Amino acid sequence: MNRDYTYSIPWNLLLITLGSCVYAVSIKSIATVHGFIPGGIFGLGALTYYKTQLLDPATWYFMLNIPLFVMGWFKVSKRFCLYSLYAMCLSTVAYKVLNVPIHIENEFYATVASGVLSGLGGGLILRSLGSGGGMDIVAIMLNQKYNIGVGKTFFAFNLFLFSLSLSILKTDLVVASIINVFIASTTMESVLSLFNQRKVVFIISDNAKEIAAEVMTKLQRSGTFLEGKGAYTGQNRDVLMTVINNIQLKKLEEITFTCDPNAFFIVENTFSVLGQGFSRRKVY
């Protein structure tokens, strides 16, 4: 995707708006109806509401986010915090004003539906230059300063959250909430990688240079020659490495075996390719 398009304000606001609304509907119309605990700060807000019956989960979520945004303003970037603030405010407002009835009586079905919708909403938000607030801010700060993985931060917080929930809620609800968060995380990862999946291809052939020329001409892709040596023959040969998308894979296979029917064609999946012609590194 073009850098200017990705970094444009309208595009980021559109992603955040859609994601926040979908997320709010999933929490209000399904999760809280069945008493589930969403992960992260919204989950802590929901747990506080279930325990006190004061205000509502969205209001608690908003208040718990305030100190986190103060830290994020100074530790991450103002642009990131402004986008995230918009997402947080919109999620809070959407929770209060959107009434989308989703009638699901079966608890397991509700767990799956809520997880898919909340993961979809969260994934759309994270495709922007902001976040949904809450633990996203803490995770990014810890990652930038101490190189602690974002996933590890979420895991540690949710472990604390669900351990606390066991002393307040029924075990069945806590288990359902854990399943909900797992499904949401899986869906979110799928949304984030939806348009980023690429194929890394290694081609071992005596005609590697001829294949590379065809790839550059017909697929408009370049490649890199790696030095290799046959384990059995001991002969030196070039190994062509290139990165393409799923659509081009079959064409590359055709080019390879047309040039050399005896070639070795090795394909690996990858979801993060940064550089010219592919995604650019996201700068918050």
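Using our numbering, read the sequence shown as starting at -11 and increasing by one per residue.
All residues carry an ideal CB built from backbone N, CA and C; glycine is no exception.
Keep in mind it's a predicted model, so treat the numbers as computed, not measured.
From the listed residues Thr205, Leu207, Ser210 and Met229, the smallest Cα separation to Gly216 is found for Met229.
The continuous alpha helix (DSSP H) containing Val179 extends over residues Thr159 to Ser181. Residue state for Glu256 is assigned as strand, using DSSP reduced to three classes. Secondary structure note for Phe213: its beta strand (DSSP E) is the uninterrupted segment Thr212 to Lys217. Annotated three-state conformation of Leu228 is strand, per DSSP.
Take the alpha-carbon of Thr36 and the one of Met129: they are about 25 Å apart. Taking Ser151 as reference, the option from Lys238, Gly31 and Val10 with the minimal CA-CA separation is Gly31.
Closest in C-alpha terms to Phe57, from the list Ala46, Lys84, Asn224 and Tyr71, comes Tyr71. Counting the other Cβ atoms within 10 Å of the Cβ of Lys133 gives fewer than 16, which makes it exposed. In the DSSP assignment, Ile235 falls within the unbroken alpha helix (DSSP H) covering Asn234 to Cys247.
When Gly33, Leu182 and Gly28 are compared, the shortest CA-CA separation from Asn257 is found for Leu182. Closest option to Cys9, judged by alpha-carbon separation, among Ser79, Trp48 and Ala164: Ser79.
Rounded to whole angstroms, Thr212 and Asn224 show a C-alpha spacing of 16 Å. If only uninterrupted alpha helix (DSSP H) runs of at least 4 residues are considered, those enclosed by the segment 27 to 97 are 28 to 40, 45 to 63 and 66 to 85.
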